[in-house]
Structure formats: C-alpha cells, structure tokens
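The next block holds one structure in the form of structure tokens; read it before the comments.
Residue numbers (my numbering), protein chains in the order written: chain A, -7 to 548; chain B, 15 to 315.
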C-alpha cells in the first residue's frame, strides 16, 4: 500500500523583486495513513510553504519542483478539476487564526455545510435535511452543542471558533488534515482542549495529520513524529519523545530549549542564550516594595451598560531587584492591571504607590513618575513608529523629559545596555530594517534611556521567534542582575516565569488567586486555577504534581 | 555612516531620502506626472500673465474686436459680446481660478485637519461636540451656504475663498479623524504616553507626520473641487462681476445670447479649461494617494 502522502525532493522558490528566493529545498517526507507528523520551525523556515504546497495553495509567484504524491497521485501534475475534487474531499486544512478564516457574516452551520455541498459524498447532492444531520454530527464530534449551528463567528470564543474550523476540515471525511499553527492565538487551557480534540479525532478516524507549529511541546503532545525545518530544509526528523529528550541538530536544541519545562532545574534562571549570564549578585531578602498596588479596582462598562470588573481588588508588590511574573489567561485583567500601574488607566478605587509615595493622577507629577516606570509592549513591530529611526525612537523619552545636551551619549548607552552593539551601526536604521528581536531590543533601549526603576513588560516575547525569545528573556534577567532593574512581566506562558521570574502572581477574573515565589506557586500550586494552568501545559511539568499528571489532561 | 554625523543630520538625510523615494514612485505614474507638468506650466503662465499679455484687452471700453466674431487670425478663439478676445479672457481666468482654488483648498484643509485631529485625539465630550458640528456642516447644502455667505459678505475674491473654505472642510475633517484614530490605536502611541509624552508630543511627533501625506493628497483633490465651486459661484453671479473668471465668462455667454447665436467659442474655452484643470488636479491627487497610501498600492501592481 502506498503511503498517504509522500514528498520527494520538494523545492519551492518565490519570484520576488530581487530575484528568486528558495523557500523550501529538497524536502522528503512520508506520511502513512493514520500517522501524525509535526513540522516545527521558526517563521521563514518554510514550514507553512511545505504544508500549503500539498494542496497547491501557494501564491502564483511560487514555483514548485519535485514530486508531491497524495495517495500515489502527483498533485503538481493534477488538472484543475481533479485538484478541486482532491481539495477537502481527500485532504483539508485547519488554517491559522480562526478569527480571520471564518466568514463573519455567515452562520457557522452554513460554513460547515459549504464543503459538503461542494463535495457531496458519492458524487450526488444531499438534501438539506441530510446536510443538516451531517452538520449536527460534526458539531458533536468537536464537542460543540448542535444548537450553535445558528451562531455567527463573533458569538463564539476563540477556542470554539477553532473547533468550528476543525469541524469544517472534517466535513468531507478527508484522509489527511493539515493544521497550520492551530493553537497559536489560543490560551494555554483552550490550547490543551483543542490539541486534545484534534489528537482524539485523528486517532479515532484514522486520519493522517500534519501539524505545523513553532512550539515543539505542542507538537510532541499530538504527533508521533516531528520534523524540524530550518532555512527551507528538514534538519532532523525523529519520533517525538526521542527528539524532545535528546535533540541532535543545533536548531532543534534551540527550539527545545526555548520552551522550558516548568520544574526542570536546568532551565531555572537560565533562558536559552548564547552569551553567559552574569552571576547572581548579593540580594538582601527583605527589600522594600518599589512599585505597589493596593486594593486596585478598575471596571469597564460593556455595550449593554453592565459593569465589568477588569481588576477587582488587586494588591501586588514589585520589590527592588526582583522580577515578578503576572500570569493568567487572556481576559483575566492582567493588561488592564499593568496599564493602571503605569498611569495609563485611571483606577476606580485603590492606590498605586511608587517608592512608598502615591502616584499622582496627572500633571508634572505623573510625568516624573513615568520616568521611573517604563513599558515594553508585546509586538515591537507596532510599538515603534515606522517612520522614526532607531535613534529617534530611543531619544523620544529623553527629549520628552528634557534630558538635554548629551542625548547622543544617552542613546548609545541605552542601546549598548540593550545589547545592540555596536550602537552606532543601528542609529540610522528604520524599524522595518531590523529583525523582530532587534526591534524589541530598541523598545527596551527606549525604556532604559530614562533610567527607570521598574520595567513593565506586557508579553515581551509572545510575538518573537523561539531562538530570539531566550535572548530577550536573558536580557531582562541580565538587566536585573547588573542594574538592579525590577520587572513586572505579564505573560500567559508559565515557562517564561520559570525561566526568569523570582515571584509569580496568578490572575484569574480580575483577582490575584495566588502569589508566591516561583517554586512555591509552580511546583506546589494551591489554587485550582493555577493547577489547571499547569495541567494545560502541553509539555507537562518536570515534577508531576498529582493533578497535573497526564492522566488528568483530558478532564481539563 | 560616520560617527561624526550629527543625529539631526541623520534625520534630515532620512527625510530627503524618503522624499526622493516617493518622488521616484510618483514619476512611475504617468497620468500623475502629466497632470503635475500641466499644472506647473499653467501656474507659471498664470503668474506671468501680466508680463506676456496685455491686460488692457480685458477692458470693455478698450476692446476693439467685433461682437461675437468667430475665431480668426487675430482672435484665435473669437471674441465675446463686448468684442474682447476669448483667448485672453480664458488665459486671465486661470489666474483667479487657481488663486481661489488654492486658497480655498488651503483654508478648508486647515480647518478640516485641526478639527479632525482634535476630534480624534481628545475624545470625550469635545469629540462629540466637534463631530456633531462637522455633521451639521456636512448635511448643509454647501452651495446654498456659500451663496448665502458670499451675498452677506462684501464682494471680491476673498469672499469667494472664505465661502468655499468654510463649507468644504467637513469631508477633510472626517478623513483626518479616521486616519488619526488609526494612528492613535497603534501601540507606539501607548509607548509614547508611557514615556511621558503629552498631547503636544503625541500630536506633533506621531499623529501629524502620519496624517500629512493623506492631507496632502486630499488637498490636491479639494483644489479641484474648489475650482468647480468658484466657477459655479461666478456663474450664479456671486463674486466680483468685474474680474474675469471662467464662471463669469459662461454666465455672460448665457445671459447675452451667445448660445442662441451659436457662438460656441464663447462657451467651450472656459468650459474645457475648467474640465482640464480639475482633471489635472484629480490625476495628481490620485497619483499622490497611490504613492502615500500603501493600502492602495496593490491594485496597480
């Protein structure tokens, strides 16, 4: 029996303005029916191009060489009619970002029915009743109540939308499903549910699965084998457990190290970085609080005018010389809390104190306070004005605060502190000429230029590639050790907390449910919510707490 | 780059390069270049009109051509009812049309930009008030308002400029407000606030440079509209009857029976002039929009 999918010496080149760029070179892959394969790699490694080439979903500028055999039939040589029949009926795709891949003005039931209408099983059109029954069956398979068929995409949560995408992919009972970063935009808990669902359906129905992700632990949780791509080539392909425990290739090692296992002592205070970290300085255990929130409350009104407590009575301290990680799902109020601490959002009640003194709500006092507490945003691409050079971006703060004549010196010093060396080389660059990691360093340099006491970083590495992630985290840790810079890092990623934080605060529905040292909270969680967060980690934790054991993952 | 280069000069070099790049992109748009060249030539000729032609030919008392003579060797485009050269009148009409067009467009874009940025930046009750104010002007029939304004103010070019300027700004205000809202939603504004930047800093450093390209493209389109509005007002008899303008020429042609006598040379030159000038402004405006607004680029490549 021929394999379900076989790629033979696949090459894809894109024609761009400056000549041809090889996105994929000499890729060989084999997938047997019912097998699961993960493709890992950073952005630009060619992993999505490989996946999309299977159904010839590449843009016109792409040139494909080599063979793509789907059930022994070469996809590259197919006529349009045959290709149309193969698409969805034999192989289907779960696209990245369910919020954009669904049509916002059509009910999800109709959207699931669309492929069934286009590719009726057995070649004859189904009656409306039969289609309805099929949609109901599909919704049940993805654990959505059949009544939701009449809902519009905006009425569903992110996880539910991703389930709809999976139902659509399953609609024509394909033999191969290609999932392109199916969980990237989702929370840990929802991610665990979606991965679980996908894994179960594939196993039950004997469907072949190719899953693409930049996160090795996500792939390891669902796939039997993992192929690591780097610069258009497959550098390593082995069974998941083997690759996770002992990666051979440099790049696989970097990917594996970028997402540390919580509880693994090797990765504690050791983010993946190529330059060694400075030793831990002497720290007195009993520092006074530098930035402090006391019984902070912030509420918004939703469209119906109902009050929603985004932050409901939070007391939190960030001491000198420590990094506090604020973890929680999206919607838990952690970003609102950070904005309130920075004075960008007015609290309803409660107080923010810096160095023991209450933070003024406006005027010169607030401006002076903002020199002390600086913000690093999630997406460095949008956090920098695209028309401002690196110099202007870093000098913005000093100019606002009138820090005067030695501006050039301040900028160079800040860039060097953010490890952009030599600084002179970067001064006249524009943001689009820099890589993602370099942009984030510019944002950090902009904050450092004001010589702040605390940096508030909102998901500082969420939009960065795995290899850069470790370097940016190492930078934050280095700044803390060398300059005594305190940090409040907001994240949904418990591995990040394990990597660099001293203390963890877990936020759930506007309240802090658990605050303590990283070891206390992550290794011995007290609150149910913390436990469920830990249990949802795709890689599990190194020291299995009873509830976090794999046997319980289904129940999350 | 050498280390000796001053930061300020880096910024200026950047800006020069950006302008050069955009100019290069603009030159690839043939229609835009054509429109710009035409307008440049026309503006130059309009400025030089007193030097290269004789203004006395516009004086009815000194006109020596016959009434409504067809085009001939002496009068290339014929004469009007008073015996004046239509070519000379059309030529001089460009002066007033361009003057009113540019000034009125500048005035309306200035008002529109200030109100648009203020409405988007400050939010709250001020934004609501400004938006209602904009809506009010938007639904007013601007021609009627302009006629009313021009008739209560004293006659003259200035009146026409003000009348067009204060009625044409709402669309610019809407456009600028939308663009400002887009820019204000970007995280780098949040970063600037966290750095301690106030209103002046955010508007001056981030918002204004961001909206200027659109405003510039919009201005060229507004100039075209202002030229039409000017001609319309003159045609309706608002404005100074003693100045020669295209609208006034058309009005004279209509009132003095040039049309019924089949004197097409009284109608076509000012009419075609209006069309061509407005078309040129539109071509330049569209080309600028394509260069400056990245979202429109895909359609042309």
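All C-beta atoms in this analysis are idealised placements derived from N, C-alpha and C, irrespective of residue type, glycine included.
Please read these numbers as outputs of a predicted model, since none were measured by experiment.
message: Looking at chain B, is there any beta carbon in it that lies within less than 9 Å of the beta carbon of residue 363 (chain A)?
response: Yes, residue 363 (chain A) counts as interfacial toward chain B.
Residue 211 (chain B), buried or exposed, once every other Cβ within 10 Å from all chains shown has been counted against 16: Under this definition residue 211 (chain B) is a buried residue.
task: Check whether the stretch 239 to 250 of chain A touches the stretch 438 to 452 of chain A, taking contact to mean three or more Cβ pairs, one atom from each stretch, closer than 8 Å.
output: Touching, no, given that fewer than three Cβ pairs across the two stretches are closer than 8 Å.
- prompt: CB residue 450 (chain A) to CB residue 367 (chain A), shorter than 9 Å?
  reply: Yes. Within cutoff.
query: Could you give the uninterrupted runs of the alpha helix (DSSP H) lying entirely in the stretch 72 to 134 of chain A, keeping only those of 4 residues or more?
result: The alpha helix (DSSP H) runs lying completely inside the stretch 72 to 134 of chain A and spanning 4 residues or more are 72 to 81, 90 to 93, 100 to 110, 120 to 133, given in chain order.
message: Output needed for residue 16 (chain B): all residues of its chain with C-beta closer than 6 Å, excluding positions within five of it in sequence on either side, in chain order.
response: Residue placement at residue 16 (chain B) cannot be trusted, given a pLDDT of 41 that sits under 50; what the coordinates show is reported in the next sentence. Nothing listed; no residue qualifies.
field: Through-space distance from residue 197 (chain B) to residue 142 (chain B), alpha-carbon basis
entry: One C-alpha to the other measures close to 19 Å.
message: Counting only Cβ-Cβ distances shorter than 9 Å, please list the residues of the stretch 204 to 219 of chain B near chain A, keeping chain order.
response: Look at the stretch 204 to 219 of chain B: the residues with a C-beta under 9 Å from a C-beta of chain A are 204, 205, 206, 207, 208, 209, 210, 211, 212, 215, 219.
query: Out of curiosity, what's the CA-to-CA distance linking residue 406 (chain A) and residue 413 (chain A)?
result: Taking the straight line from one Cα to the other gives about 11 Å.
task: Could you tell me how far apart the beta carbons of residue 438 (chain A) and residue 360 (chain A) are, in whole angstroms, since I believe they sit closer than 8 Å?
output: Incorrect: roughly 18 Å between the Cβ atoms, too far for contact.
task: From the DSSP output, in three-state form, read off residue 251 (chain A) for me.
output: Coil.
- prompt: So, does the CB of residue 371 (chain A) fall closer than 9 Å to a CB anywhere in chain B?
  reply: So, interface residue.
- request: Return no unless some Cβ of chain B is closer than 9 Å to the Cβ of residue 99 (chain A).
  value: No, residue 99 (chain A) does not count as interfacial toward chain B.
- request: In angstroms with no decimal places, state the Cα-to-Cα distance between residue 11 (chain A) and residue 376 (chain A).
  value: When only Cα atoms are considered, residue 11 (chain A) and residue 376 (chain A) end up about 30 Å apart.
- prompt: From what residue to what residue does the alpha helix (DSSP H) around residue 358 (chain A) run?
  reply: If you look at residue 358 (chain A), you'll find it in the alpha helix (DSSP H) that goes 355 to 364.
Contacting residues, own chain, Cβ-Cβ under 8 Å from residue 327 (chain A) (five flanking each side not counted): 450, 482.
message: Counting only Cβ-Cβ distances shorter than 8 Å, please list the residues of the stretch 75 to 101 of chain B near chain A, keeping chain order.
response: For chain A, none of the residues of the stretch 75 to 101 of chain B brings a beta carbon within less than 8 Å of one of its beta carbons.
query: Name the chain B residues whose beta carbon is nearer than 7 Å to that of residue 359 (chain A)?
result: Those are 210, listed as they occur along chain B.
field: Neighbourhood of residue 34 (chain A) by C-beta, 7 Å cutoff - its chain only, sequence neighbours within 5 removed
entry: Within the same chain, residue 34 (chain A) has close Cβ partners 206, 457, 458, 459.
- prompt: Which residues, in chain order, does the stretch 174 to 207 of chain B contribute to contact with chain A at a C-beta distance below 8 Å?
  reply: Listed in sequence order: 200, 201, 202, 204, 205, 206, 207.
task: Can you say whether residue 166 (chain B) is buried or exposed, counting buried as having 16 or more other CB atoms within 10 angstroms of its CB?
output: The residue is exposed, with fewer than 16 neighbouring Cβ atoms inside 10 Å.
task: Verify the CB distance criterion: does residue 313 (chain B) have a CB-CB separation below 9 Å to chain A?
output: Annotation note: pLDDT 41 at residue 313 (chain B) (below 50); position unreliable, no value reported.
message: Quick check on residue 315 (chain B): buried or exposed, where buried means 16 or more other Cβ atoms within 10 Å of its Cβ?
response: Unreliable positioning characterises residue 315 (chain B) in this predicted model, as indicated by a pLDDT of 35, which lies under 50. A coordinate reading is not provided.
task: Below 8 Å on the Cβ atoms is my guess for residue 265 (chain A) versus residue 466 (chain A); work out the distance and round it to an integer in Å.
output: 4 Å between Cβ atoms; contact.
- prompt: How should residue 292 (chain A) be labelled, buried or exposed, when 16 other C-beta atoms within 10 angstroms of its C-beta is the threshold for buried?
  reply: Burial check for residue 292 (chain A): the Cβ neighbour count within 10 Å stays below 16, so the residue is exposed.
- prompt: Which residues bound the alpha helix (DSSP H) around residue 75 (chain B)?
  reply: Counting along the chain, residue 75 (chain B) falls outside any alpha helix (DSSP H), and DSSP gives it neither H nor E.
query: Which one of A:369, A:143, A:224 has the shortest CA to CA distance from residue 101 (chain A)?
result: Comparing Cα-Cα distances from residue 101 (chain A) to each of A:369, A:143, A:224, the minimum goes to A:143.
message: Measuring only the C-alpha atoms, how far is residue 161 (chain B) from residue 239 (chain B)?
response: Distance from the CA of residue 161 (chain B) to the CA of residue 239 (chain B), rounded to the nearest whole angstrom, comes to 16 Å.
task: Could you tell me which chain A residues have their CB closer than 7 Å to the CB of residue 223 (chain B), listed as they occur along the chain?
output: Near residue 223 (chain B) (Cβ distances below 7 Å), the residues of chain A are 379.
Extent of the continuous beta strand (DSSP E) to which residue 319 (chain A) belongs: Per DSSP, the unbroken beta strand (DSSP E) holding residue 319 (chain A) starts and ends at 315 to 319.
message: Against chain A, which members of the stretch 26 to 52 of chain B pass a CB distance test of less than 7 Å?
response: For the stretch 26 to 52 of chain B, the beta-carbon criterion of a distance under 7 Å to any beta-carbon of chain A is satisfied by 28.
task: List the endpoints of the continuous alpha helix (DSSP H) containing residue 238 (chain A).
output: Per DSSP, residue 238 (chain A) lies in no alpha helix (DSSP H) and is assigned neither H nor E.
query: Is the Cβ of residue 459 (chain A) closer than 9 Å to any Cβ of chain B?
result: Residue-level contact check: residue 459 (chain A) does not touch chain B, since none of the beta carbons of chain B fall below 9 Å from its beta carbon.
query: Are the C-beta of residue 442 (chain A) and some C-beta of chain B separated by less than 9 Å?
result: Output row for residue 442 (chain A): interface = yes.
field: Neighbour list for residue 389 (chain A) in chain B, Cβ cutoff strictly below 8 Å
entry: Below the 8 Å Cβ cutoff, chain B contributes 209, 210 as neighbours of residue 389 (chain A), in chain order.
query: Is it true that the CB of residue 305 (chain B) sits closer than 9 Å to the CB of residue 43 (chain B)?
result: Against a cut-off of 9 Å, the Cβ pair of residue 305 (chain B) and residue 43 (chain B) comes out as a contact.
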